[in-house]
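Here is the structure we will look at.
There are 4 protein chains.
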Amino acid sequence: MARCTFLGLGVMGYPMAGHLAGAGHDVVVWNRTAAKMEQWAAEHGGVSAPSVEAAVADADFVFACLGDDPDVRSVAEKAIPAMKPGAVLVDHTTASAELARELDQAARDAGIGFLDAPVSGGQAGAENGQLTIMCGGEADTFARAEPVMDAYAKASSLIGPAGAGQLCKMVNQICIAGIVQGLSEGLHFAKRSGLDPALVIGAISKGAAQSWQMENRWQTMVKDEFDFGFAIDWMRKDLRITLEEARRNGARLPVAALVDQFYADVQAMGGNRWDTSSLIARLERDL
Amino acid sequence: MARCTFLGLGVMGYPMAGHLAGAGHDVVVWNRTAAKMEQWAAEHGGVSAPSVEAAVADADFVFACLGDDPDVRSVAEKAIPAMKPGAVLVDHTTASAELARELDQAARDAGIGFLDAPVSGGQAGAENGQLTIMCGGEADTFARAEPVMDAYAKASSLIGPAGAGQLCKMVNQICIAGIVQGLSEGLHFAKRSGLDPALVIGAISKGAAQSWQMENRWQTMVKDEFDFGFAIDWMRKDLRITLEEARRNGARLPVAALVDQFYADVQAMGGNRWDTSSLIARLERDL
Amino acid sequence: MARCTFLGLGVMGYPMAGHLAGAGHDVVVWNRTAAKMEQWAAEHGGVSAPSVEAAVADADFVFACLGDDPDVRSVAEKAIPAMKPGAVLVDHTTASAELARELDQAARDAGIGFLDAPVSGGQAGAENGQLTIMCGGEADTFARAEPVMDAYAKASSLIGPAGAGQLCKMVNQICIAGIVQGLSEGLHFAKRSGLDPALVIGAISKGAAQSWQMENRWQTMVKDEFDFGFAIDWMRKDLRITLEEARRNGARLPVAALVDQFYADVQAMGGNRWDTSSLIARLERDL
Amino acid sequence: MARCTFLGLGVMGYPMAGHLAGAGHDVVVWNRTAAKMEQWAAEHGGVSAPSVEAAVADADFVFACLGDDPDVRSVAEKAIPAMKPGAVLVDHTTASAELARELDQAARDAGIGFLDAPVSGGQAGAENGQLTIMCGGEADTFARAEPVMDAYAKASSLIGPAGAGQLCKMVNQICIAGIVQGLSEGLHFAKRSGLDPALVIGAISKGAAQSWQMENRWQTMVKDEFDFGFAIDWMRKDLRITLEEARRNGARLPVAALVDQFYADVQAMGGNRWDTSSLIARLERDL
Ligand SMILES: NC(=O)C1=CN([C@@H]2O[C@H](COP(=O)(O)OP(=O)(O)OC[C@H]3O[C@@H](n4cnc5c(N)ncnc54)[C@H](OP(=O)(O)O)[C@@H]3O)[C@@H](O)[C@H]2O)C=CC1
Ligand SMILES: NC(=O)C1=CN([C@@H]2O[C@H](COP(=O)(O)OP(=O)(O)OC[C@H]3O[C@@H](n4cnc5c(N)ncnc54)[C@H](OP(=O)(O)O)[C@@H]3O)[C@@H](O)[C@H]2O)C=CC1
Ligand SMILES: NC(=O)C1=CN([C@@H]2O[C@H](COP(=O)(O)OP(=O)(O)OC[C@H]3O[C@@H](n4cnc5c(N)ncnc54)[C@H](OP(=O)(O)O)[C@@H]3O)[C@@H](O)[C@H]2O)C=CC1
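Residue numbers (the UniProt record's numbering), protein chains in the order written: chain A, 1 to 287; chain B, 1 to 287; chain C, 1 to 287; chain D, 1 to 287.
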């Protein structure tokens, strides 16, 4: 069993840290807003720490799941110098590949290992311990961290060097942008045509139009229910990071760029916290 | 066993008619280009007819699988008056819902049944007898035709009144347009980022970015292979019909309309017969 | 002075026919809804005719300004056979190039001249006699018709053979689609940024961002006033014709196709009769 | 006459500084690459300075025209502390509004005035002294700087507080993105239709489709000539800054976002330095 620290007990981090404790690891937690770490400690019998530095000092593995680049940078600046040589820092935040490379270098300089390790699977995946983890970093660092991450992962994979985990997550979000917009237009067209969406989905959901989003979201989309899932504010952050990376690597993402603007339409409708499937609301609600 | 006629022995119709014969039905075929129907008759021991009228005269069920609206209209104008009262005409062509309604009316006037019954599953589905059939029409007409169509279908469903089969197929194509463009942008981004696409797909193909297209097309897309599958010329026909229908029903299809133009880019690259997954070629080839 | 007939006394045709009369031509008018032609005859002292055939029988020049392809086709089918050999038919409707070629052939067969001659300049241009006319047809036919059309034109030009006038009008509409959407996004951004639109337009309206639309529409756009001008229903008809033509000639029109869908958004807001500049309402109103 | 310093003698800054000297001001110049400032001093009889600090020490007005945010920030960090109290810093770089607000604050703290003052009019405007200048800042600072900027401006205007000049320039670029893409599609369609572009432009360039871009760029666009003008790399920088600002102010810019991706297509064709009108090359060259 390993000595683990978890930084950031949000929607994702809270249950992830819980699975580490449940798997028998020694877990120290830290969260900016103290109430959450106290609640966690009470619930899981773990230890909360008064500062990032205190939280990480004895850890073999430090996991973080925060918000955006600046959040990670500010926390990592405190964590890295305070970590033991030979320890490993794993960042589960969806952030930029550039930040990952910057943290990787800082970690090397400090004699510690680093993985960028964004996840997919959402809140449900975090709660059920069924996340998919996409990692960038050294093979031996990955080999050491993977068994620990198994506490909350159904699959982890090493995609390439530092930053590759983040880049892989960006591919994931690009694919989702196209799928969800296509599905939204399809369901909107079906409703406009007077078709019964259940019959339509029954007919098309086994073939070339099938997608995870179709199977898992069509019912709530048709019912105009979006009060759950992966929030548009997060999605737009991810698309922002992705479009910025595309400026560097030269990739052209016309539909991802357009869908990002359509998500801004949904934000203007008040949908900041709605699930990504709410793209359909742009089409259905303004009538 | 039923007396069946099949009109149009193209990539789809040829094997579909073959499955009817294989299931023990009496099959008469007709094809505009005579060579194909002679080949079919030789291969399947069926009968070819010299004209549409002759082909349909004794049939209980007449199936058609032709090209576009005008093709269906010209053939149906000959077939309907020549059919027996009480027979059923099933149109497997992907065509407009308006044509379906028009043919339904003409069939009613002639005392015969009609189903618009576009299929999905592609050439492979036609050859393996594993098509999905989306039908519009009367319930009792569907009930009579379904067991016969079972010769080449893995699933048939009645979506609604005349035209509903075509509308359902349009929903299918709308969804595909978004999915394939998203997947193309994702794989293009992955390559531009220097990632190994196999590792990326391994990591993301079980979650929220999953799609039939991802599972069945990523490898050929990455290898720039498009010489198979569902041709762009057909896809643009389907999107044209869909966008015209959207003008009538008021649906807004921004990404389907845009992807239709991107398919025109691929046509300009010489891709008229390439698979729909060739949207990625726009992004990869011009470098 | 010529013997002229005008078919179609709508928003455009009514004042155009009036200018013909004002210029001293003998004018016979016909309109499907009789009240309008009676009103016109009363106002201008001209003659209204009970049928298309009667209206055109003695004319040297027959002008039409109707709605869409089917309207023109149904009227022309009556007019062409009833016209005198050597007379000229000028169609001012914005319609397809294919229809123009079809009418040109029918006119040739009947021994009459034909011009497709869509106009720009809007209702104001028709009322002030300041239209721009884009013509397709034979040079000598154009030479004969131009002096007569001068009654309501500030400029007429022969662009090429039959259909070229319509194709030129399509170029016009494609350009407008991009300009108005760009201007809408620009003004929307200015308002969101808290800038005074008048100061912004003052600063940018002489340079590389200048357009007729900016000069003539920014004020009403900022005030959310669209109850005038060129109706979205007409614009969508024109874009439909244009996108269909692009399918034939292989042109790629991604932004025109997208803006056409945005116009559908405005129609869904109730904007069928609003001016084309109402694209900004999609951005401003849903907040 | 004023004591002026000009920082950054690029395509724009070099002739702008020249006009200051020509108007009789005392001009000190500084440029990162020394050769250019020596050339300038030789040509204009002005003085070059060995460092930013030395260049600005005695100036009443310091003008800068550099590349992007980080360039301005690094130069301003040296300039502001070295400037005389009461002097004015004018930044002609197209940069972010956030940077403008940050520099405005730093200038206030140092007791100097600040204007963000991006320009339009391009290289030709800089050379002819006919730029348009859009300013953000205090009215009295603007009142002091305007007469000096008159050396190279045909019009300067104060749009609002610090940042407003940059925001106004963003509106300009948003409008251009839509106009140029619309014009590209229009000319591409005209060529595909076999029309003579000169006749088309002759017919439509006085009406609702008119734009500065149409008047000034159609000929080079049709000839596929882009080796001049405002470079795509600069345009993408400007659109990046604009799209980032839109994330903050909530504006939706679907076509600007899409056109930005189309510019990336042109970059992938090798067009980094081509004029913004080269959007048409995407449509014309790949055939
Ligand atoms: N939610 C989801 O379904 C998924 C989310 N993700 C990604 O995971 C990450 C976390 O998401 P989620 O858990 O939903 O987010 P939450 O907003 O629920 O949690 C964010 C956590 O980060 C902490 N935090 C944020 N900024 C700072 C800072 N500057 N300094 C210190 N702590 C900070 C917050 O602390 P405090 O409690 O004090 O606010 C909180 O613990 C994001 O990058 C998201 O994109 C990835 C896949 C799915
Ligand atoms: N309005 C504008 O600003 C501009 C319009 N145009 C184009 O000019 C054309 C006319 O526009 P506008 O005048 O505004 O349209 P209106 O709707 O005002 O007028 C249409 C005219 O066509 C007649 N008409 C329509 N269909 C038929 C038919 N099937 N049989 C006989 N008559 C018919 C109508 O007759 P009835 O009175 O009986 O309905 C009416 O006289 C359109 O193609 C439009 O796109 C071009 C530039 C600008
Ligand atoms: N060109 C045009 O048509 C227009 C340009 N603009 C804007 O004006 C600005 C300048 O454009 P332009 O003159 O064409 O650009 P150039 O590339 O020709 O010149 C850029 C200038 O900035 C200097 N510079 C860049 N980075 C730094 C740095 N980090 N430290 C010090 N100096 C630096 C360069 O110095 P060095 O010589 O050492 O490289 C050079 O003098 C840009 O923001 C552009 O967007 C606005 C309207 C039109």
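Think of the CB as a built atom: it goes at the ideal place given N, C-alpha and C, for glycine as much as any other residue. Please read all numbers here as calculations on a predicted model, not as lab measurements.
Within the chosen limit of 7 Å, ligand 1 reaches the beta carbon of LEU9 of chain A through at least one heavy atom. With respect to chain B, the C-beta atom of ALA268 of chain C has a partner C-beta closer than 8 Å. Taking C-beta atoms as the reference points, GLN123 of chain C and VAL266 of chain C fail to come closer than 8 Å.
Think of a sphere of 9 Å around the beta carbon of ALA139 of chain B: no beta carbon from chain A falls inside it, the nearest being about 13 Å out. No beta strand (DSSP E) of 3 residues or more sits fully in the segment 256-284 of chain A. Residue burial is scored here from C-beta neighbours: LYS223 of chain D has fewer than 16 other C-beta atoms within 10 angstroms and is therefore classed as exposed.
In the structure shown, LEU239 of chain A adopts helical secondary structure according to DSSP, grouped into three states. Neighbours of ASP260 of chain C across chain B, judged by C-beta separation under 7 Å: ALA257. Within the DSSP secondary-structure output, ILE133 of chain B pairs in a beta bridge with B:VAL119, B:SER156. Straight-line measurement puts the Cα of ARG236 of chain D at about 17 Å from the Cα of ALA256 of chain A.
Of the other Cβ atoms in all chains shown, 16 or more fall within 10 Å of the Cβ of PRO254 of chain C; this residue is therefore buried. Bounds of any beta strand (DSSP E) do not take in ARG32 of chain C, whose DSSP letter is neither H nor E. Under the three-state reduction of DSSP, CYS65 of chain A is assigned to coil, being neither helix nor strand.
Within the segment 54-115 of chain A, the complete beta strand (DSSP E) segments at least 3 residues long are 61-64, 88-91, listed from N- to C-terminus. Closer than 9 Å at the C-beta level to chain A, one finds these residues of the segment 175-188 of chain B: CYS175, ILE176, ALA177, GLY178, ILE179, VAL180, GLN181, GLY182, LEU183, SER184, GLU185, GLY186, LEU187, HIS188.
One Cα belongs to ALA59 of chain C, the other to PHE6 of chain C, and the distance between them is close to 10 Å.
Annotated three-state conformation of SER193 of chain D is coil, per DSSP. For the C-beta of PRO254 of chain B, the chain C residues within less than 8 Å are, from N- to C-terminus, LEU258, GLN261, PHE262. In this structure SER120 of chain D is in contact with LEU131 of chain D, their Cβ atoms being roughly 7 Å apart against a cut-off of 8 Å. Straight-line measurement puts the Cα of ARG252 of chain C at about 16 Å from the Cα of LEU243 of chain B. Here SER205 of chain C carries a coil assignment [DSSP, helix/strand/coil].
Between ligand 3 and the CB of VAL75 of chain D, the shortest heavy atom gap is smaller than 7 Å. The beta-carbon distance between PRO197 of chain D and GLU127 of chain D, rounded to whole angstroms, is 28 Å. This is too long to meet the 8 Å contact definition. From the beta-carbon of ARG240 of chain D, the residues of chain A found nearer than 7 Å are ARG247.
For the segment 45-77 of chain B, there are no residues whose beta carbon sits under 8 Å from a beta carbon of chain C.
ALA87 of chain D sits away from VAL52 of chain D, with the two beta carbons spaced by 8 Å or more.
Bridge partners of VAL47 of chain C according to DSSP: C:VAL28.
For PHE6 of chain D, no alpha helix (DSSP H) segment is defined; the enclosing uninterrupted segment is the beta strand (DSSP E) at 3-7. Its chain contains ILE280, LEU283, GLU284 as the residues whose beta carbon lies nearer than 8 Å to that of HIS188 of chain A, once the 5 sequence neighbours on both sides are disregarded; these appear in chain order. Listed by position along chain D, the residues whose Cβ is nearer than 8 Å to that of ASP265 of chain A are ARG252.
Residue-level contact check: GLY86 of chain D does not touch chain C, since none of the beta carbons of chain C fall below 8 Å from its beta carbon.
Contact between LEU9 of chain B and ALA17 of chain B holds: CB atoms are separated by about 6 Å, below the 8 Å threshold. Listed along chain A is no residue with a C-beta nearer than 9 Å to that of SER96 of chain B; the closest approach is about 12 Å. Taken from the Cβ of ASN216 of chain C, every heavy atom of ligand 2 lies 7 Å or farther away. Counted as a single uninterrupted DSSP element, the alpha helix (DSSP H) harbouring GLU146 of chain B occupies residues 139-149.
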